[in-house]
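Colleague: Residue 190 in this note's numbering sits at position 204 of the sequence shown; the count goes up by one each step and never skips. Where is the CB? At the ideal position from N, CA and C, for every residue including glycine. One structure, as structure tokens, below. Some questions next.
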Amino acid sequence: MSGEATHRVEHDGGVVTVTLDRPDALNAQTRASRRALTRDLRALSADAAVRCVVLTGAGRAFCAGQDLREPDALVDVDVMIRETYIPIVEALVEMPKPVIAAVNGAAAGAGLSIALACDLRYLAEDAVLMMAFSNIGLVPDCGGSWLLPRAVGYARAFELATTGRRVAAGEALALGLVQRVLPRDQVLPAATQLAAQLAARPTLALGWTKRLLRAAEHSSLADAMDLEAQLQASAVDTHDHAEGVAAFLEKREPRFEGR
Ligand code: T3D
């Protein structure tokens, strides 16, 4: 798969690194960049050889959200959001494999929403996170109003969204917005190392686990257990389940193949 000018896609075995690549604009996104990103995320989703994805940014930021210099940014905003922001969030949340955000620098506005749509976040110790929307008279979008309260609870989400203040790495970790804080130059290597570990695990089961946990955010216990039963029936039919049981009984490490 070829990378677009606005992001790069690099394969290394089962791990794919997607790098937002508009560093002069702190990787702020345009309609064209979002369409290209959505297209490639969907391709990664469908590619069984891809077993874990890392999303990061080029230069000193992760993503500053909407490119505020894009000439037609404010034309048909509701359509633009539906057609170019929502598909990114859906592609990340529905990706049937883990997605780790290596947040190498500032994540603001829709950039923070995109990080929150990933399954895990590693953050640079000198980075800031910002619900920047209200600073420019806007409301959260790109899933931010749904993802943020689920990460930190309603009152903290309200405070972050209405003040638009900068959240430093230590606070982001304490709030549960991110799972690890590292020196900037170690964020991507650490995320990639975790991605390699996850890519060697039973990918189908991990994807179904993700689906269960995502669905549980808005389902009853009964519905959750129903979906568990349905997906477990699929999991028991996989090569990796047979391999996992065989490895356990033979007292050796399993060799999962993602099928
Ligand atoms: O509007 C719609 O179409 C609706 C959709 C909205 C979705 C959204 O995402 S709304 C939120 C948009 N994003 C922001 O409001 C964030 C704006 N940026 C910042 O708050 C800060 O730049 C950061 C916290 C991200 C980083 O701060 P800092 O101090 O490290 O950098 P800086 O000096 O503010 O910015 C450096 C350069 O990047 C600067 O350009 P210059 O002066 O060197 O030529 C700045 O203008 C540029 N930049 C930063 N963010 C954006 C941007 N350029 C275009 N769009 C940006 N979002």
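#1: For the beta strand (DSSP E) holding Arg107, just list the boundary residues, first then last.
#2: Does any C-beta atom of chain B lie closer than 9 Å to the C-beta of Ala215?
#3: Any heavy atom of ligand 1 closer than 8 Å to the beta-carbon of Gly95?
#4: What separation, rounded to the nearest whole angstrom, lies between the Cα atoms of Met211 and Val222?
#5: Report, in whole angstroms, the separation of the C-beta atoms of Gly95 and Phe48, which I expect to be a contact under 8 Å.
#6: Can you tell me whether Gly43 is helix, strand or coil according to DSSP?
#7: DSSP three-state label for Asp53, please.
#8: Mapping the DSSP letters down to three states, classify Met81 as helix, strand or coil.
#9: When the Cα of Trp194 is compared with those of Gly244, Leu180, Leu41 and Ala18, which residue comes out closest?
#10: For Pro169, which of Ala113, Val2 and Ala143 has the nearest alpha-carbon?
#11: Going by DSSP, what residue range makes up the beta strand (DSSP E) through Met116?
#12: Taking Val303 as the reference, give the member of Ser31, Glu76, Asp58 and Ala44 with the closest Cα.
#13: Excluding the 5 residues flanking Arg136 on each side, which residues of the same chain have their C-beta closer than 7 Å to its C-beta?
#14: Which residues mark the beginning and the end of the beta strand (DSSP E) in which Asp(-2) is found?
#15: Got a sec? Which residues, its chain only, sit under 8 Å from Ser220 by beta carbon, not counting five neighbours each side?
#16: So, for Arg142: in the same chain, excluding its five sequence neighbours on each side, which residues have a beta-carbon less than 7 Å away from its beta-carbon?
#17: When you compare the CB positions of Asn121 and Gly150, do they come within less than 9 Å of one another, or not?
#18: Nearest to Gly0 by alpha carbon, out of Ala29, Val167 and Arg37?
#19: Considering only the beta carbon of each residue, do Leu124 and Leu134 sit closer than 9 Å?
#20: Count the other CB atoms within 10 Å of the CB of Pro175; is the residue buried (16 or more) or exposed (fewer)?
#21: Closer than 8 Å: is that where the CB of Ile74 sits relative to any heavy atom of ligand 1?
#22: For the beta strand (DSSP E) containing Thr5, list its first residue and its last residue.
Modeller: In terms of the structure at hand:
#1: Leu106 to Ala110
#2: Checking the listed chains, one finds no chain B in this structure; it contains a single protein chain.
#3: yes
#4: 16 Å
#5: Gly95 to Phe48, Cβ: 11 Å. No contact.
#6: strand
#7: coil
#8: coil
#9: Gly244
#10: Ala113
#11: Val114 to Met116
#12: With the chain covering only -13 through 245, there is no way to say anything about residue 303.
#13: Glu203
#14: His(-7) to Asp(-2)
#15: Leu190 and Trp194
#16: Leu161
#17: yes
#18: Arg37
#19: no
#20: exposed
#21: no
#22: Val1 to Leu6
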